[in-house]
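Engineer: Questions regarding the structure given below will be posed in turn.
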Amino acid sequence: MTDGMDRPNSPQPGPASGGYGYPQPGQSNPYQPEQVQGQGFGPPPVADETFPPPIPETFSAAPTPDWQAMADATEAQRKKRRLLTIGGGALAVVLVAAGTAFFLMSGGDEPTDKPTASSSGSPSASGSAKSPEKTPEDDSPTVPGEPNLLRDRNGRMGIALGPGASLGEVSQRTEVRFKGTADSYAQGAEAAVDVTKSFSVSTRVYNTTEGGSHMAVSQGDGDSYAFELGFEVVGGKKAWVFRVQTGDKGQAATAQQVVVDNVDTTKKWALLTGTYDAEKKTIALWVDDKQAGQAQVSGIWAGPGPLQLGRARHHGIWSAPWEGALDHVRIFDQNLNQEQITGLKNNKLGKAKPTHSWLI
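Per our numbering, the sequence shown runs over residues 190 to 549.
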């Protein structure tokens, strides 16, 4: 665990002078993506999981998506399903009432042609209607009619894919893939995290790089991020990192972080979770269900801008492009504890309900 860092030379614990992540005179910017051609995702983490070519369809996000229209379309779909459910229940009540009347009028004899349990639309012996069938839209990773907009399963905030990001289907799940280029990112409609209160942000990551700085999830689009979660080389070692800004303008002295560098970070799936306890003023980083460490902070700067996938804002420029894949992106408005983090790893959340989730 270290607090702050000096860049772009060897990062050291504690606050550093100069701007965090900003190249010094005469040095190149380590955050700018290298244009590497022909790199793939490499061997999969599990034997039966392979990385097929991206979906042929091109996901090109508009410069300014019509968020309201997308939200209205999603709400219309929800209302439609709700009306179908209500209508099915009302029909069941009518059928039960009609059957009761027939029974009384016929003197109590059972009808000759008794409907079987498999008859479509027939009520059960208890008079309850069948549950409406699950539609493909319920499992769709994107908003219906919007193939470039990730569907929020626990809220109403879509995340639009940039031109260089794509979706991939692997073992009955969907992941978003990034190429490590400037146009390979995904952006939410607004901020998904209130950093003035306790929160947790979590995602499964697959990193294909060996060096540099690459952020999976961040928030902010002004001068600097408010928080960022991802991969970085720290002190010459490959590491997972959760970093926050405690002051504006992205000053190095106001960046605090938790780092874990004793794990394999390349071409293996890992669940990264960053947490903030607003009462104790501490941040923590979890890898899978183990806490890597924590750091004391004075608070987190509530910088402007929406949630980002695959990049972070550093000194007014987009930096740290992710190269690899992400899925199971979740946001919580609470500081998750050990038991809840273990449940998160095993997809058994219990009472810890996300405020937002994508690609679940």
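Beta carbons are placed, not taken as given, at the ideal position from N, Cα and C, and that holds for glycine.
Between the C-alpha atoms of Asn451 and Ala428, what's the straight-line distance to the nearest angstrom?
Structural biologist: 7 Å
Engineer: Using a beta-carbon distance below 8 Å, is Val390 in contact with chain D?
Structural biologist: The question asks about chain D, but that chain is absent: this structure has only one protein chain.
Engineer: Return the CA-CA distance between Ser402 and Gln361, expressed in angstroms with no decimal places.
Structural biologist: 30 Å
Engineer: Around the C-beta of Glu364, are 16 or more other C-beta atoms found within 10 angstroms, so that it is buried, or is it exposed?
Structural biologist: buried
Engineer: Which class does Leu538 belong to by DSSP, given the choice of helix, strand or coil?
Structural biologist: coil
Engineer: When the Cα of Lys426 is compared with those of Gly400, Gln485 and Gln376, which residue comes out closest?
Structural biologist: It is Gly400.
Engineer: Name the DSSP bridge partner or partners of Ile506?
Structural biologist: Residue pairing from DSSP places Ile506 in a beta bridge opposite His503.
Engineer: Just confirm the distance between the C-beta atoms of Arg502 and Gly494, as a whole number of angstroms; I'd bet it's less than 8 Å.
Structural biologist: 7 Å
Engineer: Do Arg340 and Gly347 count as a contact pair if the criterion is CB distance below 8 Å?
Structural biologist: yes
Engineer: Classify Pro543: buried if its beta carbon has 16 or more other beta carbons within 10 angstroms, exposed otherwise.
Structural biologist: buried
Engineer: So, does the stretch 480 to 497 touch the stretch 367 to 384, judging by three or more C-beta pairs under 8 Å?
Structural biologist: yes
Engineer: Could you check where the beta strand (DSSP E) with Trp404 kicks off and where it finishes?
Structural biologist: Note on residue identity: the sequence assigns Met, not Trp, to residue 404. Counting along the chain, the beta strand (DSSP E) containing Met404 begins and ends at Ser402 to Gln408.
Engineer: Within 10 Å of its beta-carbon, does Glu421 have 16 or more other beta-carbons around it, so buried, or fewer, so exposed?
Structural biologist: buried
Engineer: Drop a sphere of 10 angstroms on the beta-carbon of Gly409, count the other beta-carbons inside from all chains shown, and report buried for 16 or more, exposed for fewer.
Structural biologist: Classification for Gly409: buried.
Engineer: Can you tell me whether DSSP reads Glu379 as helix, strand or coil?
Structural biologist: coil
Engineer: So is Asn536 buried or exposed if we call it buried at 16+ other beta carbons inside 10 Å?
Structural biologist: exposed
Engineer: Touch check for the stretch 474 to 483 and the stretch 342 to 356: three-plus C-beta pairs under 8 Å?
Structural biologist: Verdict: no, contact absent.
Engineer: Whose C-alpha, out of Asp328, Pro352, Thr462 and Val447, is nearest the C-alpha of Ile524?
Structural biologist: Just to set this straight, residue 524 is Asn in the shown sequence, not Ile. It is Thr462.
Engineer: Pull up the distance between the alpha-carbon of Ala378 and that of Asp466, whole angstroms please.
Structural biologist: 25 Å
Engineer: Please report how far the alpha carbon of Arg519 lies from the alpha carbon of Thr392, in whole angstroms.
Structural biologist: 6 Å
Engineer: Under the three-state reduction of DSSP, which class applies to Gly439: helix, strand or coil?
Structural biologist: helix
Engineer: Check each candidate in Trp458, Ser329 and Asn337 and name the one with the smallest Cα separation from Asn396.
Structural biologist: Trp458
Engineer: Please return the same chain residues whose Cβ sits closer than 8 Å to the Cβ of Thr455, not counting the five positions on each side in sequence.
Structural biologist: Excluding sequence positions up to five before and after Thr455, its CB lies within less than 8 Å of the CB of Asn396, Thr397, Thr398, Glu399 and Lys427, all in the same chain and listed in chain order.
Engineer: Between the Cα of Thr471 and those of Asp477, Gln446 and Leu460, spot the shortest distance and give me the residue it belongs to.
Structural biologist: Gln446
Engineer: On the DSSP bridge list, what partners appear for Leu418?
Structural biologist: Val406 and Phe431
Engineer: Mind reading off the beta-carbon distance from Asp478 to Ile530? Whole number of angstroms is fine, and I expect it under 8 Å.
Structural biologist: With a Cβ gap of about 5 Å, Asp478 and Ile530 count as contacting.
Engineer: Which residues bound the beta strand (DSSP E) around Gly463?
Structural biologist: Trp458 to Asp466
Engineer: Looking only at its chain, what residues have a beta carbon closer than 6 Å to the beta carbon of Val448, apart from the 5 residues adjacent to it on each side?
Structural biologist: Thr191, Val423, Ala428 and Val430
Engineer: For Gln361, which three-state DSSP category applies?
Structural biologist: coil
Engineer: Hey, could you find the ends of the beta strand (DSSP E) Tyr374 is sitting in?
Structural biologist: Note, Tyr374: premise wrong, no beta strand (DSSP E); not H, not E.
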